[in-house]
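Please read the structure below before turning to the comments.
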Amino acid sequence: MMSAKVESTPSASSDYIKQIEQWRQGRLQRLTAPDGWLSLAGLYWLKDGANHIGSATDNDLVLGVGPAHFGVVTLDHGKATFKLDRRAKATIDGKARSSAALLDDSHEHPTTVAAGPVSFYLIDRNGRKGLRVKDSQAATRTQFRGIESFPIDPSWRIEARWVPFEPPHTLETPNVLGQMDSYPVPGKAVFERDGKTFELLPVIEVPGDTQLFLIFADRTSGKETYGAARFLYADMPRDGKIVLDFNQAYNPPCAFTAFATCPLAPPGNRLDLRVTAGEKKYAGGPH
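See the structure below:
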């Protein structure tokens, strides 16, 4: 697999370059891990009642990979249970079990069913239940073409002014499924660039998070960078300031696979500005 391409501007300090290089290498390791986003091999939505799943064509959900008959997922009033087909020689959460209630991805550790390089777990998208299938041998992973990024530029590490919202606002964010996700917004980040003032709305992705999450687009989107959005995390504000390091802006999973369900940049986070920092568009992506 290819490694991240690292460049830097002449003004970037060696310590800062090293910090961003380490961040990018960690990002690359997570992305290319056997169970990382590149291993996605399918997304299948469940119907109420019994759903026979497997790679054989006589299943209700034909996964295309894995055992011919994995078993049956039964969806009843939003709750999913799984009964394993013994011929599958699969495990449930790494153990030899015949059945289980399926915890979805709103839990830290969703129930995972695995057979060889193929696994699946339950996802929930605003009450809609589906199976996310992973294959460590997926072509998106084995034929990964690496990540290209803009040169590291310390001027894109911006100390923005933090304006808290009392009480916090709610941000409605569309996703690729056409649904709307709601996130709490504790405040806004205000910064200046090229003589103009810009604002971004960070959200709390999961209650209790120690960082804020930003979904943004800019004037490079759809050209040099992924069109739908890029992601960025920022530490919680301190002393009325929040640091936005756009050198750590990265592509959502949807830039690499057609089987992810990513949020899109909300209208308030579309910058009339070329953010020439962070990851560029992935050449091998589905879009």
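All residue numbers for the sequence shown refer to the numbering used here, where the first residue is 494 and numbers rise by one.
Glycine is no exception: its CB is placed at the ideal position from the N, C-alpha and C atoms.
Fair warning: this is a prediction, and the values are worked out from it, not measured in the lab.
Confirm, please, whether the CB-CB distance from R625 to G535 is below 9 Å.
Reading the sequence shown from its first residue, position 42 is the one you call residue 535. Reading the sequence shown from its first residue, position 132 is the one you call residue 625. In contact: G535 and R625 (Cβ atoms closer than 9 Å).
Can you give me the C-alpha to C-alpha distance between C747 and A753, rounded to a whole angstrom?
Locating residue 747 in the sequence shown gives position 254, counting from the first residue. Locating residue 753 in the sequence shown gives position 260, counting from the first residue. Going by the C-alpha atoms only, they are around 5 Å apart.
Nearest candidate by alpha-carbon position, reference L670, set R618, G733, S507 and K716
Taking the first residue of the sequence shown as 1, we reach residue 670 at position 177. Selection R618, G733, S507 and K716 evaluated against L670 yields R618 as nearest (Cα-Cα).
Own chain, CB closer than 7 Å to G623, minus 5 neighbours either side, in chain order
Taking the first residue of the sequence shown as position 1, residue 623 is located at position 130. Result list for G623: L536, Y537, W538, L539 and I616, in chain order.
What does F684 pair with, by DSSP beta-bridge criteria?
Locating residue 684 in the sequence shown gives position 191, where the first residue counts as 1. Looking at the DSSP output, F684 sits in a beta bridge with F691.
With a threshold of 16 other CB atoms inside 10 Å of the CB of F637, please say whether the residue is buried or exposed.
Within the sequence shown, residue 637 is the residue found at index 144, counting from 1. It is buried - the Cβ of F637 has at least 16 other Cβ atoms within 10 Å.
Leaving out five residues before and five after R654 in sequence, what residues of the same chain have Cβ atoms less than 6 Å from its Cβ?
The sequence position of residue 654 within the sequence shown is 161, counting from 1. If we look at R654 and ignore the five residues flanking it on each side, its Cβ neighbours are V683.
Sequence-distant residues of its chain with Cβ nearer than 6 Å to G761 (five each side left out):
Numbered from its first residue, the sequence shown carries residue 761 at position 268. The residues are L694.
Three-state class that DSSP yields for P677 in the structure shown
Taking the sequence shown and counting its residues from 1, one reaches residue 677 at position 184. The answer is strand: DSSP assigns P677 an E or B state.
Grab the span of the alpha helix (DSSP H) containing R634 for me, first residue to last.
Residue numbering aside, residue 634 sits at position 141 when the sequence shown is read from its first letter. DSSP places R634 inside the alpha helix (DSSP H), whose first and last residues are A632 to T635.
Reduced DSSP secondary structure (H/G/I, E/B, other) of S507
Position 14 of the sequence shown, counting from 1, holds the residue named residue 507. Helix.
Given L533 as reference, the closest of G547, F563 and L556 once Cα atoms are compared
The count along the sequence shown starts at 1 and reaches residue 533 at position 40. With distances taken between CA atoms, L533 lies nearest to L556 out of G547, F563 and L556.
Please name the residue or residues paired with G547 in a DSSP beta bridge.
Taking the first residue of the sequence shown as 1, we reach residue 547 at position 54. Paired residues: V555.
Which same chain residues end up closer than 8 Å to I651 when comparing Cβ atoms and leaving out the 5 residues on each side of it in sequence?
Along the sequence shown, one-based indexing puts residue 651 at 158. Answer for I651: F684, R686, V736, L737, D738 and F739, listed in chain order.
Is the Cβ-Cβ distance between A573 and A594 less than 9 Å?
Here residue 573 is taken as the residue at index 80 of the sequence shown, counted from 1. Here residue 594 is taken as the residue at index 101 of the sequence shown, counted from 1. Yes; because the gap between Cβ atoms is below 9 Å, this pair is in contact.
In chain order, which alpha helix (DSSP H) runs of at least 4 residues are fully inside the stretch 604-656?
Entirely contained in the stretch 604-656, the alpha helix (DSSP H) runs reaching 4 residues are, in chain order, 632-635.
Could you give the first and the last residue of the continuous beta strand (DSSP E) run that contains L670?
Indexing the sequence shown from 1 puts residue 670 at position 177. Taken as a continuous stretch (DSSP letters only), L670 belongs to no beta strand (DSSP E), as it is neither H nor E.
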